[in-house]
Amino acid sequence: MLAGAVPFSAERARQYRAAGLWNGSTFPAMLHDSVLRRGEHVAVVDASGRSLTYRQLEHASLVVAARMRAAGVGDRDRVVLQLPNVLEFLPVLFGVFWIGAVPVFALPAHRRESIAHFVRHADAVALITVERHLRDPLGDVARAVQEELRGEGRELLVITHPEQLMEEPADGVGEELTRCAAIDAEDVAFLQLSGGTTGTPKLIPRTSDDYMLTLRLSDEICAVDQDAVYLAALPIAHNFTMSSPGVLGTLLAGGTVVVAPTPAPDVCLPLIRRERVTITALVPPMALLWARHVPQDPDVLASLRTLLIGGAKLTDAAAERIAAAMPCRLQQVFGMAEGLVNYTRLDDPLEVVLHTQGRPMSEHDEIRIVDEQDRPVPRGTVGDLLTRGPYTINGYYRAEETNRVSFTSDGFYRTGDLVRMREDGCLVVEGRSKDLINRAGEKIVAAHVEDVLLRDRRILDVLVVPVPDDVLGERVVAVLRLQGHALPADALEPAPAEVARRVRRQVRDSGLPAFCAPDECVLAGDFPMTAVGKSSRRDLRRMLARRIASAAS
Numbered sequence: 001m002l003a004g005a006v007p008f009s010a011e012r013a014r015q016y017r018a019a020g021l022w023n024g025s026t027f028p029a030m031l032h033d034s035v036l037r038r039g040e041h042v043a044v045v046d047a048s049g050r051s052l053t054y055r056q057l058e059h060a061s062l063v064v065a066a067r068m069r070a071a072g073v074g075d076r077d078r079v080v081l082q083l084p085n086v087l088e089f090l091p092v093l094f095g096v097f098w099i100g101a102v103p104v105f106a107l108p109a110h111r112r113e114s115i116a117h118f119v120r121h122a123d124a125v126a127l128i129t130v131e132r133h134l135r136d137p138l139g140d141v142a143r144a145v146q147e148e149l150r151g152e153g154r155e156l157l158v159i160t161h162p163e164q165l166m167e168e169p170a171d172g173v174g175e176e177l178t179r180c181a182a183i184d185a186e187d188v189a190f191l192q193l194s195g196g197t198t199g200t201p202k203l204i205p206r207t208s209d210d211y212m213l214t215l216r217l218s219d220e221i222c223a224v225d226q227d228a229v230y231l232a233a234l235p236i237a238h239n240f241t242m243s244s245p246g247v248l249g250t251l252l253a254g255g256t257v258v259v260a261p262t263p264a265p266d267v268c269l270p271l272i273r274r275e276r277v278t279i280t281a282l283v284p285p286m287a288l289l290w291a292r293h294v295p296q297d298p299d300v301l302a303s304l305r306t307l308l309i310g311g312a313k314l315t316d317a318a319a320e321r322i323a324a325a326m327p328c329r330l331q332q333v334f335g336m337a338e339g340l341v342n343y344t345r346l347d348d349p350l351e352v353v354l355h356t357q358g359r360p361m362s363e364h365d366e367i368r369i370v371d372e373q374d375r376p377v378p379r380g381t382v383g384d385l386l387t388r389g390p391y392t393i394n395g396y397y398r399a400e401e402t403n404r405v406s407f408t409s410d411g412f413y414r415t416g417d418l419v420r421m422r423e424d425g426c427l428v429v430e431g432r433s434k435d436l437i438n439r440a441g442e443k444i445v446a447a448h449v450e451d452v453l454l455r456d457r458r459i460l461d462v463l464v465v466p467v468p469d470d471v472l473g474e475r476v477v478a479v480l481r482l483q484g485h486a487l488p489a490d491a492l493e494p495a496p497a498e499v500a501r502r503v504r505r506q507v508r509d510s511g512l513p514a515f516c517a518p519d520e521c522v523l524a525g526d527f528p529m530t531a532v533g534k535s536s537r538r539d540l541r542r543m544l545a546r547r548i549a550s551a552a553s
């Protein structure tokens, strides 16, 4: 096991193997199996129309592997991949897998501080990125990190033209350079990033055995087969896009991955039409944006069978709005890069799809919903979600202090999610434990208030956040984006009195306690976003704090 990772206990590993959950498969073996079955079928195509068949993808991966080995990268070395959604992502990824190195997934939105942290924390020997993505000078960031480390006496291999890794040398690549490393499926295959919206992301060690199980289960639940055409609209490096069922699940099934450079509807909707996309995945804010565009040309989604929505809580009102606009079936996904994934099923009643986040993928997923003293709560009662299972990690990478807080003594992961379990076994996410607002001693779940307000079609989006208050402890602030009320992207301004009155009345009339009504309403141009496109409450609270400080001065 890679030093710094927390292994499964020998007993649990034995149980999972005996149950057929872990089968020893690795990612190079997965790709080669698809080559044998679907060699001439298109594996990946990008927005410009460039494509690779499965056979071409494997060959390009071998060329990448040879070039990486020639550059001195070898078995168990860590390699940070900060690649946007480009065709080269997959050959580079499988090339790194092929030599037994460990990819560390970074997102294009990560900046110098985060990239330097990933390199140091993983003790990475290489960083592969592109010179520029959209407006982001990723090559400059990579070189700045390289110079920073050089000042510490460390050398970092930086590659900013991944397409050059795929160029076969004139004299070919030797067998010695392209041999596949001996890979232990129970060892760490790659390091994912935690999906939290606070602080620097933690590194999540995933093994071939546990991740391949995730892919197989996701393919089965989402009916992904060799005819699937999956649009990667969100960053491929994000766990949701990679595995639910995602890019890797599609390649496992022998389908086709369509790579979009951005999830914007004006980019993705034409791609869906052109490539006859059958399945894709979005975070809620982007799904709401798509829902406003689709009615202008409903035939654009004629091929789309399934839209998965996850990555953040989908409120009931948002689910209803999206379902009404999208001519395809919705499937909610509530999962985490640390492991546990829940889906609504394709044959679930509409009520389940719209109003729950589904149920765990596997009967071997262990679920506990507990109170603040870790005591189980009655079914239907909101509590903290703890989980353990065959594809959930046992600890973050090189993070002993964090692990003592994030895992129980018997190995259950504290997800930080507030959930309740219905009688039918479906989970309903009520928010994050950190998103509770403590107003004068009363606990308010921000998501409940947001759900009520989103039922007003004049409100495009809303975030309810706490702001420190000398009297109340925290006061409730509703930050709104309104239909027909355009503001500069980073603008915040007080809502007109009539809007504030309407918002408070709407909350009070909904049946929520009166103390849930916002103390203040603010209008925003756009919400700050995390690296994966989730609305960032942390950054919004900072913006509000600056606004308050500016007003006070």
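Residues 1 to 553 in UniProt numbering are what the sequence shown spells out, letter by letter.
Where a beta carbon is used, it is the ideal one built from N, C-alpha and C, also for glycine.
For the beta strand (DSSP E) holding residue i, just list the boundary residues, first then last.
i, result
"valine 283", "Neither: valine 283 is in no beta strand (DSSP E) and is coded neither H nor E."
"valine 229", "229–232"
"leucine 418", "413–421"
"asparagine 23", "Element bounds for asparagine 23: n/a, residue is neither H nor E."
"threonine 256", "256–259"
"valine 173", "Where valine 173 is concerned, there is no enclosing beta strand (DSSP E), given that its DSSP letter is neither H nor E."
"isoleucine 204", "203–207"
"arginine 439", "436–439"
With burial defined as no fewer than 16 other Cβ atoms inside 10 Å of the residue's Cβ, what is the status of residue i: buried or exposed?
i, result
"valine 79", "buried"
"threonine 250", "buried"
"alanine 19", "exposed"
"proline 376", "exposed"
"threonine 280", "buried"
"arginine 38", "buried"
"glycine 310", "buried"
"asparagine 438", "exposed"
"valine 247", "buried"
From which residue to which residue does the alpha helix (DSSP H) around residue i run?
i, result
"valine 300", "Note, valine 300: premise wrong, no alpha helix (DSSP H); not H, not E."
"tyrosine 16", "10–18"
"phenylalanine 190", "Where phenylalanine 190 is concerned, there is no enclosing alpha helix (DSSP H), although the beta strand (DSSP E) it sits in stretches over 188–193."
"glutamate 275", "265–275"
"threonine 392", "Where threonine 392 is concerned, there is no enclosing alpha helix (DSSP H), given that its DSSP letter is neither H nor E."
"leucine 251", "246–253"
"threonine 241", "239–243"
"arginine 404", "400–406"
"leucine 165", "162–165"
Residue i and residue j look like a contact to me (Cβ under 8 Å); what is the Cβ gap, rounded to whole Å?
i, j, result
"leucine 90", "leucine 57", "6 Å"
"glycine 72", "alanine 181", "Glycine 72 to alanine 181, Cβ: 15 Å. No contact."
"proline 494", "valine 522", "6 Å"
"proline 205", "leucine 191", "6 Å"
"leucine 213", "tyrosine 396", "Between tyrosine 396 and leucine 213 the Cβ distance is about 20 Å, and since that is not below 8 Å, they are no contact."
"leucine 314", "methionine 326", "Not confirmed; about 13 Å, so no contact."
"leucine 127", "leucine 156", "6 Å"
"serine 61", "tryptophan 98", "6 Å"
"glutamate 275", "valine 259", "Not really, about 10 Å apart at Cβ, beyond 8 Å."
"valine 428", "glutamine 332", "Between glutamine 332 and valine 428 the Cβ distance is about 10 Å, and since that is not below 8 Å, they are no contact."
"proline 169", "leucine 83", "About 22 Å separates the two Cβ atoms, so there is no contact after all."
In angstroms, rounded to a whole number, what distance separates the CA positions of residue i and residue j?
i, j, result
"aspartate 412", "leucine 2", "One point to set straight first is that residue 412 is phenylalanine, not aspartate, in the sequence displayed. Answer to the nearest angstrom: the Cα atoms are 21 Å apart."
"serine 303", "leucine 289", "19 Å"
"leucine 87", "glycine 153", "34 Å"
"valine 158", "leucine 544", "38 Å"
"valine 130", "alanine 122", "20 Å"
"histidine 117", "arginine 143", "14 Å"
"glutamine 483", "proline 285", "15 Å"
"arginine 398", "arginine 541", "30 Å"
"isoleucine 221", "tyrosine 343", "8 Å"
"methionine 421", "valine 370", "11 Å"
"residue 554", "valine 352", "Because the chain is modelled from 1 through 553, residue 554 falls outside the range shown and cannot be assessed."
"proline 360", "valine 341", "6 Å"
"threonine 198", "aspartate 171", "With a pLDDT of 45 at threonine 198, under the threshold of 50, the modelled position of that residue is not reliable, and the figure given next carries that caveat. Whole-angstrom Cα-Cα distance: 49 Å."
"valine 294", "leucine 301", "8 Å"
"alanine 124", "valine 102", "9 Å"
"glutamate 450", "proline 201", "26 Å"
"proline 108", "alanine 514", "43 Å"
"asparagine 85", "tyrosine 211", "21 Å"
"arginine 111", "serine 510", "42 Å"
"threonine 25", "leucine 460", "The sequence as given places serine at residue 25; threonine does not occur at that position. Near 45 Å, if we compare the C-alpha coordinates of leucine 460 and serine 25."
"alanine 446", "tyrosine 16", "38 Å"
- Task: At 3 residues or longer, and completely inside the segment 72–143: list those beta strand (DSSP E) runs for me, N to C.
- Result: 78–82, 102–105 and 126–129
- Report the residue ranges of all beta strand (DSSP E) runs contained in full by the UniProt domain "AMP-binding enzyme C-terminal" (449–534); include only those spanning at least 3 residues, in chain order. 459–469, 473–482, 492–494 and 520–524
- Message: Please give me, in chain order, every unbroken run of the beta strand (DSSP E) with length at least 3 that falls completely inside the segment 313–389.
- Response: 329–335, 341–343, 366–370 and 383–388
- Item | beta strand (DSSP E) segments (min. 3 residues) lying fully within the segment 33–75 | 42–46 and 51–53
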